[in-house]
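K.L.:
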Amino acid sequence: MAAGFRNPHGLPVKVCAACGRPFTWRRKWAANWENVLYCSDACRKAKASREKTHD
Numbered sequence: 000m001a002a003g004f005r006n007p008h009g010l011p012v013k014v015c016a017a018c019g020r021p022f023t024w025r026r027k028w029a030a031n032w033e034n035v036l037y038c039s040d041a042c043r044k045a046k047a048s049r050e051k052t053h054d
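This is the structure:
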């Protein structure tokens, strides 16, 4: 994991598809954790806009 990344509660971790940073499970993602790809709305929107410009 990245230097400085802490996970004191041992929650599941994924790596953001847009920025490559690790992020941990959140309660709001409990129902669809397997479908979560991005650490934030900003990363999700940035990835979508990048894909549109490459088409």
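Quick note: the sequence shown uses numbering that gives the first Met the number 0, first residue 0, plus one each step. No residue lacks a Cβ here, since even glycine has one placed at the ideal position from N, Cα and C.
1. Please report the straight-line C-alpha distance between Phe4 and Lys13, rounded to a whole angstrom.
2. Can you name the start and end residues of the beta strand (DSSP E) that Lys13 belongs to?
3. Rounded to a whole number of angstroms, what is the C-alpha to C-alpha distance between Thr23 and Ala47?
4. Spatial neighbours of Trp65 within its chain, please: C-beta separation below 6 Å, excluding the five flanking residues on both sides.
P.N.:
Reading from the atomic positions:
1. 12 Å
2. Val12 to Val14
3. 22 Å
4. Nothing in the structure corresponds to residue 65, since the chain is present only between 0 and 54.
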